[in-house]
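Number 567 marks the last residue of the sequence shown (the working numbering); no jumps.
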Amino acid sequence: PNPSPIPDPSAPRALALCIRVRAIMLLLRLSLVLLLAALRPPPGPRLRPQRSLQLQELRPPPWRRFALSAAGEEGDGSGGDGEAVVDLDAMDADVEEVVLDASEVGGGAVLNWPVTADGVNFGFNMGSTLAYFFLKDELGLGEEDMLRIMMTCDTVLSLKVEENLRPKVELLKRELKFDDAAVARCVGRAPAVLSRSMDTLKAMLDWLHQRLGLKRSDRAKVVNMFPSTLTYGREGLDEKMAFYEKELGLDGKAFGRMVVTHPALLGLNVEDNVASKIAFFEDDLYLSREEMRVLVRRNPRILSASLEQKLEPSCTAIMEALDMDPVDVARMVLKAPGILLLDTERKLEPFWDWLGGAERDGGLGCTMAEVRAITRRCPSLCSRSLDALRERAAAIKSYLGVGAPALRIIVSRFPQVLSMDATTRLAELGACLERKIGMGQRQELAALVCTQPSLLGFKVESLEGKLDALLRGAAAAAASASGKDPTSRVRELVAKRPLILGLGLDRLESRMALLNAHGRDFETLGSFAMLTEARFRDWEAKRAAEAAAPDPGLE
13 PNPSPIPDPS APRALALCIR VRAIMLLLRL SLVLLLAALR PPPGPRLRPQ RSLQLQELRP
73 PPWRRFALSA AGEEGDGSGG DGEAVVDLDA MDADVEEVVL DASEVGGGAV LNWPVTADGV
133 NFGFNMGSTL AYFFLKDELG LGEEDMLRIM MTCDTVLSLK VEENLRPKVE LLKRELKFDD
193 AAVARCVGRA PAVLSRSMDT LKAMLDWLHQ RLGLKRSDRA KVVNMFPSTL TYGREGLDEK
253 MAFYEKELGL DGKAFGRMVV THPALLGLNV EDNVASKIAF FEDDLYLSRE EMRVLVRRNP
313 RILSASLEQK LEPSCTAIME ALDMDPVDVA RMVLKAPGIL LLDTERKLEP FWDWLGGAER
373 DGGLGCTMAE VRAITRRCPS LCSRSLDALR ERAAAIKSYL GVGAPALRII VSRFPQVLSM
433 DATTRLAELG ACLERKIGMG QRQELAALVC TQPSLLGFKV ESLEGKLDAL LRGAAAAAAS
493 ASGKDPTSRV RELVAKRPLI LGLGLDRLES RMALLNAHGR DFETLGSFAM LTEARFRDWE
553 AKRAAEAAAP DPGLE
């Protein structure tokens, strides 16, 4: 086979230059037309010569009847303001044109052109003039939007308002519950929407509903975020859907949820664009098709990112900076796919520098292994504001009254603490411990959190249930030789073995039941409950064998 051609690196620059030249030529052409029109001699009789005329639409249509409110100027002999009605359809053939002089009338900017009897005006017919007024005055499109329409989709200005434009606008309002402002945003960002036929627009809205299962609010969200959706054809979209279903196993509803999150997916070229990214994740990061499906469903924007300029450089930077292999990067990306979309120099490197920076410089003083572990366990921290992370770290340090080494231990063992309102969680945890077992002093709370930081991730209701179970177990167990009450026994157990609060409630209750059945002291629950399931089953089997063996004294 012939080798693939080497892309010309100058091609994008040449294309950009051509676009600039074309834009400049269009602007020069428009300027020349305006200059010639300004220098053009008066062609004949005029309506109210030397007057400033403001154009207003009469209600109801037709649009070809106008009210011309005239403001008199000094020296014109008019004697003041006036108003006249001009019907272009009934205009006398001897009247060659109606001139609307550019000026300010009544405090409002006037849009006016020479309008000849045959409807020709600066290259636009009468329908263009009316479409311009409809888009600008009724829908409220700004000057930049109107310029974009003239530069990219000027055919819209040649469409008739009542027969073409207004029905399409009413369709968007009716089907998507859009107001004028929403329609204006849609048309301003994608003028080609109005150039599509009514049948095409209806078919596209039906496709979003039937093929992707989107309800009206979701369809409105998709069109509002990505108006170009309405300009696509159903056949092309069906082909893209078939690709996603074949390559990633996504059905219509699953793909629809992705489209609601990131509607630009509908505009991607699947054969040349999406397929290459799927191959990159499978070949370079060793993701399976199932993992790839999970990845794109969590963050569909991954498929819109540039492979050469964003995805590959980000993976390389992470592996080099943290000494990770592709498998580690893949696990991290599955947790937070957005990490590949972050700017390495502005987001990732400052975050890593803060974690590993010296304490005197405001850093946490983490080792490279700890920085790597924090990033791998909670990659979403990389996308957060560095100032916000510093504030939360300082708040934890101040609330617990601990130093930088203790803070480093907490963050390295449970990095999710920086993504939550830690002071509120600490206050809730302290109140729960004080209410249940009288363990609410800051020093006790600090020691508990430094040993088991993941307690901050549990719900208060879950911790209360575990403490209640421990109190019931302590009350049912054999009395303590020291005569301590159940609350004191649980408080000492939690202070000595904080990890016990991280166990499941079912596990705690089953272990305490066996503890009481074998007559063990409640204080031994700390080591007894921490046994792994395998070791615990071995212990149970051993105790069962001892119970079944005959007593040697009886023999």
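Even for Gly, the Cβ is constructed at its ideal location relative to N, Cα and C.
Beta-carbon proximity of residue i to residue j, cut-off 8 Å
i, j, result
"Leu280", "Leu242", "no"
"Leu475", "Cys444", "yes"
"Ala422", "Val429", "Strictly speaking, residue 422 in this sequence is Ile, with Ala absent from that position. The answer is yes: Cβ separation under 8 Å."
"Ala196", "Phe238", "no"
"Gly350", "Ser397", "no"
"Arg305", "Leu249", "no"
"Leu479", "Lys448", "yes"
"Leu439", "Ala407", "The sequence shown places Ala at residue 439, not Leu. Not in contact: Ala439 and Ala407 (Cβ atoms no closer than 8 Å)."
"Gly450", "Thr499", "yes"
"Leu278", "Val199", "no"
"Ala541", "Leu520", "yes"
"Leu527", "Ala557", "no"
"Ala202", "Leu169", "no"
"Gly152", "Asp192", "yes"
"Leu376", "Trp366", "yes"
"Ala400", "Glu371", "no"
Chain-order list of residues whose beta-carbon lies under 7 Å from that of residue i (same chain, five-residue window excluded)
i, result
"Ala204", "Cys165, Thr243"
"Ser569", "Nothing can be reported for residue 569: it is not among the residues displayed for the chain, which extend from 13 to 567."
"Glu303", "Leu346"
"Arg523", "Leu537, Phe540, Ala541"
"Val271", "Leu224, Val234, Leu277, Leu278"
"Glu187", "Leu217"
"Arg313", "His274, Leu353"
Per-residue burial, residue i [other beta carbons within 10 Å of its own, 16 or more giving buried]
i, result
"Lys189", "exposed"
"Ile31", "exposed"
"Lys252", "buried"
"Ala553", "exposed"
"Glu382", "buried"
"Thr328", "exposed"
"Pro179", "exposed"
"Leu393", "buried"
"Lys289", "buried"
"Glu95", "The predicted model places Glu95 with a pLDDT of 38, which falls under 50 and marks its position as unreliable, so this point remains unresolved."
"Val472", "exposed"
"Asp157", "buried"
"Arg404", "buried"
"Arg384", "buried"
"Gly485", "buried"
"Arg358", "exposed"
"Thr436", "exposed"
"Ile386", "buried"
"Ser209", "exposed"
Cβ separation of residue i and residue j, assumed to be a contact under 8 Å, to the nearest whole Å
i, j, result
"Cys390", "Ala418", "Cys390 to Ala418, Cβ: 19 Å. No contact."
"Leu517", "Ala481", "6 Å"
"Leu323", "Phe292", "6 Å"
"Leu353", "Ala317", "6 Å"
Nonlocal neighbours in the same chain, by C-beta distance under 8 Å from residue i, ignoring five residues either side
i, result
"Asp218", "none"
"Leu38", "Met163"
"Gln455", "Gly413"
Residues near residue i in its chain [Cβ-Cβ closer than 6 Å; skip 5 each side]
i, result
"Leu226", "Leu220, Gly268"
"Phe255", "Val282"
"Ser326", "Leu352"
"Gly531", "none"
Cβ-heavy atom distance, residue i to the ligand MN, below 7 Å
i, result
"Ala317", "Absence of the ligand MN is noted for the structure shown, with no ligands found whatsoever."
**OP:** Mind listing, in chain order, the continuous alpha helix (DSSP H) runs of no fewer than 4 residues lying wholly within the segment 456-543?
**Re:** 472-488, 498-508, 517-529, 537-541
Original post:
At which residue ranges does the segment 346-380 contain complete alpha helix (DSSP H) runs of 4 or more residues, listed in the order of the chain?
Top reply: 361-368
**OP:** Within the segment 145-200, note down every full alpha helix (DSSP H) run reaching 4 residues or more, in order along the chain.
**Re:** 155-164, 178-188
Subject >> Sequence ranges, beta strand (DSSP E) only - wholly within the segment 312-348, length at least 3 >> reply: none
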